[in-house]
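Comments concern the structure below.
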Amino acid sequence: MTFTQALLFFFALLNPFLLSLYLLDLIVSLETGVFLRVLVRGVIIGGVVFSLFALTGDAFFSRLLHVDFAAFQIFGGILFLLVGIRFFFGGTEALSDLRGAPEHLAGSIAMPFLVGPATMSAAVMMGSSLPAVEALTVVWLTMASVVVGLLVLKWLHDCLRERNARLVDRYIEMTGRVSSLMIGTFAVQMIVTGLRVYWPAI
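Oh and the sequence shown: position 121 is 123 in this note's numbering, straight run, nothing missing.
What follows is the structure, encoded as structure tokens:
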């Protein structure tokens, strides 16, 4: 994997449009300044975790915690599936119950929406195929792109909402339902991927 391939692959996993679906309730409810502060904190948390896995690989699980990475995939998938189910039946407001006050939202942005089995696996793969400096550069360039992309989408949402509130509200409701299906689909895939490690016939 080259530097460019790693950058494109990691950005595809963390593309701002997909993240905007997961964070739709925050984009709708928070002012731009508050949203930026919460987002930057969450991205920093995610970047530190990705950097750790890019440098240590799955040795963090196997040597330090003495667990298989597949176990993390299964449990993370179950949590993600519960989030998707709640999102589908409750809409964007349902996720706000899973978070606290704005000063405590950074952690809920980092996990599970930034830091998940897929992105952590990608960080491990980058660390094994790129020099440490290049792997860390990919991580932090992607994190910066996430912040810029989500801010642009937040600005577009706010501008359109002022001009055509009813249309935007209908778009938010429809997008929320679609994103819940995507969350659930990714969650099931995480669970199946983890189970295949223990039962290859699945």
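For each residue, glycine too, the CB sits at the ideal point set by N, CA and C.
Roughly how many whole angstroms lie between the Cα atoms of residue i and residue j?
| i | j | result |
| --- | --- | --- |
| Phe243 | Trp157 | A query on residue 243 cannot be resolved here, the shown segment of the chain reaching from 3 to 204 and no further. |
| Val199 | Leu169 | 46 Å |
| Thr4 | Val126 | 14 Å |
| Ile47 | Ile29 | 19 Å |
| Leu10 | Leu162 | 29 Å |
| Asp70 | Ile76 | 10 Å |
| Ala72 | Val117 | 15 Å |
| Gly78 | Ala189 | 8 Å |
| Leu21 | Arg165 | 24 Å |
| Arg39 | Phe63 | 31 Å |
| Met122 | Asp160 | 32 Å |
| Ile80 | Gly35 | 33 Å |
| Met192 | Ala120 | 8 Å |
| Thr6 | Val51 | 21 Å |
| Tyr173 | Phe82 | 23 Å |
| Val154 | Phe74 | 33 Å |
| Met184 | Gly92 | 15 Å |
| Arg43 | Leu197 | 33 Å |
| Ser53 | Val180 | 31 Å |
| Arg65 | Gly59 | 10 Å |
| Leu152 | Phe55 | 24 Å |
Suppose the cutoff is 8 Å on Cβ atoms and the five residues either side in sequence are ignored; what does the same chain contact list for residue i look like?
| i | result |
| --- | --- |
| Leu57 | Gly129, Ala134, Ala137 and Leu138 |
Tell me which same chain residues have a C-beta within less than 7 Å of the C-beta of residue i, skipping the five on either side of it?
| i | result |
| --- | --- |
| Ala8 | Met128, Leu132 and Val140 |
| Gly49 | Val141, Trp142 and Met145 |
| Ile111 | Leu25, Val40, Leu41 and Gly44 |
On the premise that residue j lies in contact with residue i, defined as a C-beta separation below 8 Å, what is that separation, rounded to the nearest angstrom?
| i | j | result |
| --- | --- | --- |
| Val45 | Val150 | Incorrect: roughly 11 Å between the Cβ atoms, too far for contact. |
| Ser182 | Phe90 | 4 Å |
| Thr177 | Leu23 | 6 Å |
Report buried or exposed for residue i, applying the criterion of at least 16 other Cβ atoms within 10 angstroms of its Cβ.
| i | result |
| --- | --- |
| Ala61 | exposed |
| Leu25 | buried |
| Leu16 | buried |
| Pro202 | exposed |
| Leu67 | exposed |
| Ala14 | exposed |
| Val194 | exposed |
| Val85 | buried |
Spatial neighbours of residue i within its chain, please: C-beta separation below 6 Å, excluding the five flanking residues on both sides.
| i | result |
| --- | --- |
| Phe12 | Ala124, Val140 and Thr144 |
| Glu33 | none |
Using a Cβ-Cβ cut-off of 9 Å, state whether residue i counts as contacting chain D.
| i | result |
| --- | --- |
| Phe11 | The structure shown contains no chain D; it holds only a single protein chain. |
Fully enclosed by the stretch 117-147, which alpha helix (DSSP H) runs are 4 residues long or longer?
Whole alpha helix (DSSP H) segments, 4+ residues: 119-131.
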